[in-house]
Amino acid sequence: MLDDMGTARPRLEILPNLRTLEWLFHDVEGMRRAALFVHQGARDLVISAPPLYCKSSFLLDICARMPHLHSLDLRVPYAARFIGTAIVELLRGLPDLEMVVFPEFYFTLAIVSELSRMKRINNMQFEPGPNQGLGDEEDVNSFVSVLSKELSLYCGI
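Counting from 1, position 84 in the sequence shown corresponds to residue 84 in the UniProt record's numbering; the numbering is continuous, with no gaps.
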């Protein structure tokens with residue numbers, strides 16, 4: 001049915017009043033179908049990352065087709081080192097972003113640095129657990145050692 005809608009639609013947006021899209025997929029076909037509902041009027045996106053074996057520009061297409069997103073919740077079933085560069089490029093292309101939700105071990109130096117440059121970001125969540133996705137603790141180990149060396153706390157008594 002979705003394939004028929006994609007080819008028979010009279011205009012680019014299938015649901016032009018759609019403001020929130022939640023589309024969790026597990027394969028390339030699911031990813032392609034999600035693209036049918038992506039448009040400039042959407043403000044909130046909850047979506048899976050593309051399958052690791054897929055060499056797709058899907059995340060970069062989000063920038064072009066949903067440039068005014070306010071919130072992004074990305075569910076990723078693999079380590080940040082495999083998709084970190086694409087996430088940084090995605091963040092650069094979404095200047096109106098106010099909130100992001102990533103898996104727990106996506107608190108990498110590159111991602112946090114890019115988030116710190118964003119003017120409107122006011123909520124960053126790095127959620128644990130398999131529903132949000134899996135990360136790898138190794139991706140954040142170098143960041144932790146820098147923090148522990150440069151962090152000093154003072155307590156006045």
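In this text, a Cβ means the ideal position worked out from N, Cα and C, and glycines have one as well. Here the structure is a predicted model, which is why all the values come from computation and not from measurement.
Could you compute how far the alpha carbon of residue i sits from the alpha carbon of residue j?
i, j, result
"GLU138", "GLU104", "12 Å"
"ALA34", "ARG19", "14 Å"
"LEU74", "MET118", "17 Å"
"ASP44", "HIS70", "6 Å"
"GLY133", "THR108", "15 Å"
"LEU153", "LEU90", "Confidence at LEU153 is low in this model, with a pLDDT of 49, below 50, so its placement is unreliable and no value can be given for it."
"PRO67", "HIS26", "24 Å"
"ILE83", "ALA64", "18 Å"
"PHE102", "ALA110", "14 Å"
"PHE126", "LEU59", "19 Å"
"ALA80", "ARG120", "23 Å"
"VAL46", "MET124", "14 Å"
"LEU94", "SER57", "15 Å"
What are the boundary residues of the alpha helix (DSSP H) that residue i is part of?
i, result
"GLU29", "28 to 34"
Can you tell which of the options has its C-alpha closest to the C-alpha of residue i?
i, options, result
"MET99", "PHE37, GLY30, ASN122 and GLN40", "ASN122"
"TYR78", "LEU91, VAL112, PRO67 and GLY135", "GLY135"
"THR85", "PRO67, HIS68 and TYR106", "TYR106"
"residue 171", "LEU72, VAL28 and PRO128", "Lying outside 1 to 157, the shown extent of the chain, residue 171 is not represented and no answer is given."
"SER113", "ILE87, ALA49, PRO128 and GLU127", "ILE87"
"PRO130", "ARG120, VAL101 and VAL76", "VAL76"
"ASP61", "ILE14, HIS39, VAL46 and ALA80", "HIS39"
"LEU115", "ARG92, GLU127 and PRO128", "ARG92"
"SER48", "GLN125, VAL28 and ARG81", "VAL28"
"PHE37", "PHE58, PRO128, ILE14 and LEU59", "ILE14"
For the putative contact between residue i and residue j, defined by C-beta atoms under 8 Å, what is the C-beta separation to the nearest angstrom?
i, j, result
"LEU21", "ALA42", "6 Å"
"MET31", "PRO16", "About 22 Å separates the two Cβ atoms, so there is no contact after all."
Considering just the uninterrupted stretch of the beta strand (DSSP E) at residue i, what are its terminal residues?
i, result
"GLU22", "20 to 23"
Can you check whether the C-beta of residue i is within less than 8 Å of a C-beta belonging to chain B?
i, result
"ASN17", "In summary, chain B is missing from the structure at hand, where a single protein chain is found."
Which runs of the alpha helix (DSSP H) fall wholly inside the region 36 to 83 and span at least 4 residues, in chain order? For the region 36 to 83, the continuous alpha helix (DSSP H) assignments of 4+ residues that do not extend past its boundaries occur at 58 to 65, in sequence order.
4 or more residues per run - each alpha helix (DSSP H) lying fully within the region 75 to 129: Those alpha helix (DSSP H) runs which fall completely within the region 75 to 129 and span 4+ residues are 84 to 92 and 109 to 117.
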